[in-house]
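One point on numbering: in the UniProt record's numbering, the residue at position 138 of the sequence shown is 138, and numbering is uninterrupted. Don't be surprised by glycine CBs; every beta carbon is placed ideally from N, CA and C. The structure displayed is predicted, hence computed values, not measured ones.
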Amino acid sequence: MEAGTLILVLRILILMIFAGALWWGVGRVVQVRLPLSDPERVRRIQAVLSLGRSLLRAVILAVALLMVLDLIGLNVGPLLTGAGILGVVVGLGAQSLIRDLLAGLTIVLEGPFGIGDVIRTAGVSGKVERITLRATYVRDADGTLHMIPNSMLGVISNLSREWARVIVDLPVPRGTRLEALQEALEQATRALREDPELQGGWLEPPTVAGIEAIGETTFIVRVEAKTRPADRWTVARRLRYHLLQVLQTESGSLSAPG
Numbered sequence: 001m002e003a004g005t006l007i008l009v010l011r012i013l014i015l016m017i018f019a020g021a022l023w024w025g026v027g028r029v030v031q032v033r034l035p036l037s038d039p040e041r042v043r044r045i046q047a048v049l050s051l052g053r054s055l056l057r058a059v060i061l062a063v064a065l066l067m068v069l070d071l072i073g074l075n076v077g078p079l080l081t082g083a084g085i086l087g088v089v090v091g092l093g094a095q096s097l098i099r100d101l102l103a104g105l106t107i108v109l110e111g112p113f114g115i116g117d118v119i120r121t122a123g124v125s126g127k128v129e130r131i132t133l134r135a136t137y138v139r140d141a142d143g144t145l146h147m148i149p150n151s152m153l154g155v156i157s158n159l160s161r162e163w164a165r166v167i168v169d170l171p172v173p174r175g176t177r178l179e180a181l182q183e184a185l186e187q188a189t190r191a192l193r194e195d196p197e198l199q200g201g202w203l204e205p206p207t208v209a210g211i212e213a214i215g216e217t218t219f220i221v222r223v224e225a226k227t228r229p230a231d232r233w234t235v236a237r238r239l240r241y242h243l244l245q246v247l248q249t250e251s252g253s254l255s256a257p258g
């Protein structure tokens with residue numbers, strides 16, 4: 001191995017070691033100083049760290065590439081000028097990459113979601129597992145991991161911020177006595193409040209909102225509960241269970257006398 005090549009390899013290794021040590025130090029500082037009691041802030045900082053890791057990796061690769069080009073005798077001066085860089089980027093057809101990078105920076109600045117958030121975007125709904133400058137990785141309920149370019153995220157619905165509302169619409173035969181139905185629904189919501197699987201799962205206890213719609217043979221009764229985002233699906237399933245259980249038990253007393 002020639003001396004120049006050996007020196008280049010050593011420089012690249014030193015650069016990688018320095019970058020790795022720097023990143024490890026930043027991670028340790030954040031871990032020590034980060035208030036774990038604020039999960040939303042934790043998720044946002046994790047997103048920033050994920051993007052920072054991608055940026056650092058890109059910088060290392062770019063510097064290593066310039067070192068290699070310089071070693072083989074290629075003049076890298078024009079590449080370091082604004083016009084030169086722009087010309088290379090456009091020449092390589094990297095406009096979409098630029099859009100993705102700018103969108104990734106927007107995620108850092110705006111913080112619409114973080115690692116661990118459940119979001120709905122670009123026709124995909126799932127949990128954010130990783131964020132890079134190029135793309136966001138979302139795993140849906142089936143376990144499929146979707147890689148979505150940041151420039152294609154579009155409208156983002158965050159299902160994990162602060163609180164969520166569970167809404168259960170229950171179809172009831174029109175011949176049902178309203179007074180008995182109201183009592184049965186209140187009984188179901190009381191059972192839900194005492195459900196050991198859901199202790200602390202809601203921010204506001206479930207309540208009967210009232211009749212939502214009237215059809216030819218049924219009318220729709222709505223029951224709502226304000227919950228923590230992570231508990232919304234469990235609360236919804238248990239709420240349906242208790243509602244059906246009470247309605248089946250009290251079915252005889254709910255019907256209007258014929």
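Query raised in the report: Quick one: what does DSSP say Asn158 is sitting in, helix, strand or coil?
Result: Of the three classes helix, strand and coil, the one that applies to Asn158 here is strand, per DSSP.
Query raised in the report: What does a CB cutoff of less than 8 Å around Tyr137 pick up in its chain, not counting 5 residues either side in sequence?
Result: Spatial neighbours of Tyr137 in its own chain (CB-CB distance under 8 Å, excluding positions within 5 residues in sequence) are listed in chain order as Val128, Glu129, Arg130, Ile131, Leu145, His146, Met147, Ile148.
**Report entry** 4-residue-minimum alpha helix (DSSP H) runs that sit fully inside the segment 139-205, ordered along the chain
**Finding:** With a minimum length of 4 residues, the continuous alpha helix (DSSP H) runs that stay inside the segment 139-205 are 178-193.
Query - Option in Leu178, Ala164, Gln182 with minimal Cα separation from Val235 - result: Nearest C-alpha to Val235: Ala164.
Query raised in the report: Buried or exposed: Arg238, going by 16 or more other Cβ atoms within 10 Å of its Cβ?
Result: A residue is called buried when at least 16 other Cβ atoms come within 10 angstroms of its Cβ; Arg238 meets this threshold and is buried.
Requested in this report: State the Cα-Cα distance for the pair Ala184 and Glu216, rounded to the nearest angstrom.
Outcome: Distance between the alpha carbons of Ala184 and Glu216 is about 23 Å.
Query raised in the report: Using CA coordinates, which residue listed in Leu133, Ser151, Val48, Gly123 is at the minimum distance from Arg139?
Result: Out of Leu133, Ser151, Val48, Gly123, Gly123 has the C-alpha closest to the C-alpha of Arg139.
Query - For Ala64, three-class secondary structure by DSSP - result: Helix.
Query - Paired residues, beta bridge with Gly126 - DSSP - result: In the DSSP output, where bridge partners are listed per residue, Gly126 has Ile119, Asp140.
Query - Where the beta strand (DSSP E) through Ala225 begins and ends - result: Taken as a continuous stretch (DSSP letters only), the beta strand (DSSP E) holding Ala225 covers 218-227.
**Report entry** For Asn150 and Phe113, believed in contact at Cβ under 8 Å, the rounded distance
**Finding:** Between the beta-carbon of Phe113 and that of Asn150 there is about 12 Å, and that puts the pair past the 8 Å contact cut.
Report task. Please report how far the alpha carbon of Ala188 lies from the alpha carbon of His242, in whole angstroms. Result -> Using only the alpha carbons, I get a separation of about 5 Å.
**Report entry** Option in Leu66, Arg177, Leu10, Val155 with minimal Cα separation from Ile107
**Finding:** Taking only the C-alpha atoms, the option nearest Ile107 is Val155.
Requested in this report: Compute the Euclidean distance between the alpha carbons of residue 260 and Asp117, then round it to the nearest angstrom.
Outcome: Summary: the structure shown does not reach residue 260, with the chain confined to residues 1 through 258, and so no result is reported for it.
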